[in-house]
Amino acid sequence: MDTLNETRGALGFEEILADFELLDDWEDRYRYVIELGRRLEPLPEEEHSPANKVQGCVSQVWLSTRIDRSGGVPRLTFIGDSDAHIVRGLIAILFALYSGKTAEEIASIDAGQRLGQLHLNEHLTPQRSNGLMAMVKRIRADAETALSQRTLH
Numbered sequence: 002m003d004t005l006n007e008t009r010g011a012l013g014f015e016e017i018l019a020d021f022e023l024l025d026d027w028e029d030r031y032r033y034v035i036e037l038g039r040r041l042e043p044l045p046e047e048e049h050s051p052a053n054k055v056q057g058c059v060s061q062v063w064l065s066t067r068i069d070r071s072g073g074v075p076r077l078t079f080i081g082d083s084d085a086h087i088v089r090g091l092i093a094i095l096f097a098l099y100s101g102k103t104a105e106e107i108a109s110i111d112a113g114q115r116l117g118q119l120h121l122n123e124h125l126t127p128q129r130s131n132g133l134m135a136m137v138k139r140i141r142a143d144a145e146t147a148l149s150q151r152t153l154h
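In my numbering, the protein residues as written are 2 to 154.
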């Protein structure tokens, strides 16, 4: 389990996957995703900036990355927000998958495969699916930046 997520009351990805499997229909799953979004740590107003805005999303999405270098290996945590409830839930799922991991771990995660386990793409509009992948791309880019900065130090 990811202790960083546990301390904020967020669920890990495996817990979300197990919960998804317990829910009978997609209406219940949508409600669950929205509830995950409600649990997100609030994004401070000053973080709703153009630099944190994710391009490629129909809804407004902001992601802010924190890099902890104290252990010698960059470890990334994320906070984010959206103006759409379902998208906030998708952000929470991505944070369960990525937040608290090292940059190397983030780079090695096959987001398509992991998110495919939730069967989200089958039930999201193409625009939402594209936005989800734009968020993944942004998280991976932040991890790559953290790795490249590490090699400069």
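Glycine residues also receive a C-beta, built at the ideal position from the N, C-alpha and C atoms.
These numbers come from a predicted model, not from an experiment.
Contact between the region 63-79 and the region 13-26 is absent: fewer than three C-beta pairs spanning the two stretches fall below 8 Å. Scanning its chain for C-beta atoms nearer than 7 Å, with the 5 sequence neighbours on each side dropped, one finds around Ala93 the residues Ala11, Leu37, Gly38, Arg40, Leu41, in chain order. Non-local beta-carbon contacts of Arg139 in its own chain, meaning distances under 7 Å to residues more than five positions away in sequence, involve Val55, Leu64 in chain order.
Counting along the chain, the unbroken alpha helix (DSSP H) around Leu37 starts and ends at 27-39. In this structure, Ile107 sits near Arg141, with a CB-CB distance shorter than 8 Å.
When the Cα atoms are used, Leu119 and Phe21 turn out to be separated by approximately 7 Å. Leu133 sits in a helix when the DSSP states are folded into three classes. Met136 places its beta carbon 8 Å or farther from that of Leu77. Taking the Cα positions, Asp25 is about 36 Å away from His49. Contact between Ala52 and Ala104 fails: their C-beta atoms lie close to 19 Å from each other, not under 8 Å.
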